[in-house]
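Residue numbers (this note's numbering): 164 to 386.
Ideal placement from N, C-alpha and C gives every residue a C-beta, glycine not left out.
Quick caveat, the model's predicted, so the values are computed rather than measured.
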Ligand code: 5RP
């Protein structure tokens, strides 16, 4: 099976976690896109969705799924999203698609985080994937200096020859070469650096369930 077929398989499996007549939170990325396409097939069952990025909002709307502003929603039972890495404890690295801050906000309102990913995202120790950190543009050099003291190599993310800009008008530093032994502690430490908007470590609030696509089928992990 190709990586896309594995992503499609978990996207289909995630439909089981969509409660009828409720609002759900929807993540960003290629796996989330497959999920949105599956959601489109059952759109009458869904009351609406809160999107974690402009791209996700546009895709949801293209399927006729109502998109709500998070300020209109008090709670939701489930948030469904992909990950760049997930460990056996359900801690994740996210933000490869630059949507980490809105992803973390929407996830924080949801009762359950369902992570959908192809099996290659499961790792023993987080950090082989560069850790994304969203920063206020005027602080990017100062934040990069502080990040260097943590042992990794900070790299400003570039798109089309210019710094990549997030939906929030901020920049992304990717921290390369980290072996993250204590994800929740590192999450707090990086979030505490002035100028950091969010670090793409999801450990203080990790996944509750992971659906991982493998050649043997969809594997479910509960955390
Ligand atoms: C976007 C994310 C994505 O969930 C993550 O990058 C995984 O993406 P994909 O499903 O394309 O592998 O965090 O900010």
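- Is the CB-CB distance between residue 374 and residue 236 below 8 Å? no
- Query: Between which two residues does the beta strand (DSSP E) harbouring residue 318 extend?
  - Reply: 316-319
- Classify residue 250 as buried or exposed, calling it buried when 16 or more other Cβ atoms lie within 10 Å of its own Cβ. buried
- Query: According to the Cβ coordinates, are residue 365 and residue 267 closer than 8 Å?
  - Reply: yes
- Task: Report the rounded CA-to-CA distance for residue 255 versus residue 214, giving the unit in angstroms.
- Result: 19 Å
- Item | Nearest residue (CA-CA) to residue 317, options 329, 334, 230 and 328 | 334
- Give the secondary structure of residue 233 by DSSP, where H, G and I count as helix, E and B as strand, and everything else as coil. helix
- Does the Cβ of residue 240 lie closer than 7 Å to at least one heavy atom of the ligand 5RP? no
- Closest Cα partner of residue 343 within the set 324, 325, 359 and 313: 313
- Is the Cβ-Cβ distance between residue 248 and residue 289 less than 8 Å? yes
- Message: Does residue 379 pass the burial test, meaning 16 or more other C-beta atoms within 10 Å, or should it be called exposed?
- Response: exposed
- Query: Using a threshold of 7 Å, is the CB atom of residue 259 nearer than that to any non-hydrogen atom of the ligand 5RP?
  - Reply: yes
- Message: As an exercise, report each continuous alpha helix (DSSP H) stretch of at least 4 residues that is fully enclosed by the segment 227-274, in chain order.
- Response: 263-272
- Task: Pick out whichever of 347, 204, 218 and 278 has its Cα sitting closest to the Cα of residue 383.
- Result: 278
- Which residues in the same chain have their Cβ closer than 8 Å to the Cβ of residue 230, if we skip the five residues on either side of it in sequence? 211, 212, 213, 214, 220, 223 and 224
- Message: Below 7 Å, is the gap between the Cβ of residue 247 and the nearest heavy atom of the ligand 5RP?
- Response: yes
- Between the CA atoms of residue 194 and residue 361 - distance to the nearest angstrom: 22 Å
- Status (buried if at least 16 other CB within 10 Å, exposed otherwise) for residue 297: buried
- Query: Roughly how many angstroms lie between the CA atoms of residue 339 and residue 311, to the nearest whole one?
  - Reply: 10 Å
- Item | Cβ-Cβ separation, residue 232 to residue 190 (assumed contact under 8 Å), whole Å | Their Cβ separation, rounded to whole angstroms, is 17 Å, which puts residue 190 and residue 232 out of contact at 8 Å.
- Secondary structure at residue 169, three-state DSSP: helix, strand or coil? helix
- Message: Just verifying my parser: in three-state terms, what is the DSSP assignment at residue 184?
- Response: coil
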